[in-house]
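Residue numbers (the numbering used here): 636 to 873. Glycine residues also receive a C-beta, built at the ideal position from the N, C-alpha and C atoms. What follows is a set of notes on a single structure, which appears directly below.
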């Protein structure tokens, strides 16, 4: 992962585009991927969520969460909203969303599915142990099966290597920012993704992991493993 440009001493330095985030946050990785893909210079501020800064609370008073994008002093919160803002404001190629309204609708649907189904089911694996975790993994596989059969195979059957064609797009960024860390999750918690069980999804994620932009933006593997283990260890065994 390349060093991010950072602001010394918080928000004292003015910048057209500033990202408030955390190094391990997949939602924050989404925004970095989009900004880099579009070639938009930005400055990055690392937030400590155990001791939230005045800037974060001021700019996102509703949720007090990252990511937050500041553009000329105006704050935009929530990763999916920020991605669309980036694509609409800097509307040059490469586009994150397809031009066709129906194709855009399908991409948005599956992006929402990722955040509403995929993410919570993966989180349940982290906070359970023993038989409960086995059930959580089975549930995760069911969610993934729906995504593979109804999403990848039905709605995007000819898209390769990414759902946007030859470059990362909106859905690639939304899913890849999380799923491309699967090896760290497998090592820290349990094996949840493999070629035999989820061939279509695994092949897509592998293609995204091989993308140079994804490689340079994802958090370091060993550091992320340690982070996930620290979260996993907070939940006692059954």
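Residue i, DSSP secondary structure in three states
{"i": "residue 730", "result": "coil"}
{"i": "residue 748", "result": "helix"}
{"i": "residue 791", "result": "coil"}
{"i": "residue 698", "result": "coil"}
{"i": "residue 735", "result": "coil"}
{"i": "residue 691", "result": "helix"}
{"i": "residue 768", "result": "helix"}
{"i": "residue 847", "result": "helix"}
{"i": "residue 819", "result": "helix"}
{"i": "residue 666", "result": "helix"}
{"i": "residue 725", "result": "coil"}
Rounded distance between the beta-carbons of residue j and residue i, thought under 8 Å
{"i": "residue 731", "j": "residue 819", "result": "Not quite, the Cβ-Cβ distance comes to about 25 Å (not below 8 Å), so this is no contact."}
Residues sharing a beta bridge with residue i, DSSP
{"i": "residue 705", "result": "653, 710"}
{"i": "residue 680", "result": "655"}
Residue closest to residue i, alpha-carbon to alpha-carbon, out of the options
{"i": "residue 701", "options": "708, 690, 707", "result": "690"}
{"i": "residue 725", "options": "806, 671, 793", "result": "671"}
{"i": "residue 853", "options": "659, 652, 655, 651", "result": "659"}
{"i": "residue 654", "options": "758, 696, 713", "result": "713"}
{"i": "residue 744", "options": "857, 866, 782, 761", "result": "782"}
Proximity of residue i and residue j at Cβ, strictly below 7 Å
{"i": "residue 891", "j": "residue 823", "result": "Because residue 891 is not part of the residues shown, which for the chain are 636 to 873, the question remains open."}
{"i": "residue 687", "j": "residue 699", "result": "yes"}
{"i": "residue 847", "j": "residue 661", "result": "no"}
{"i": "residue 806", "j": "residue 746", "result": "yes"}
{"i": "residue 810", "j": "residue 775", "result": "no"}
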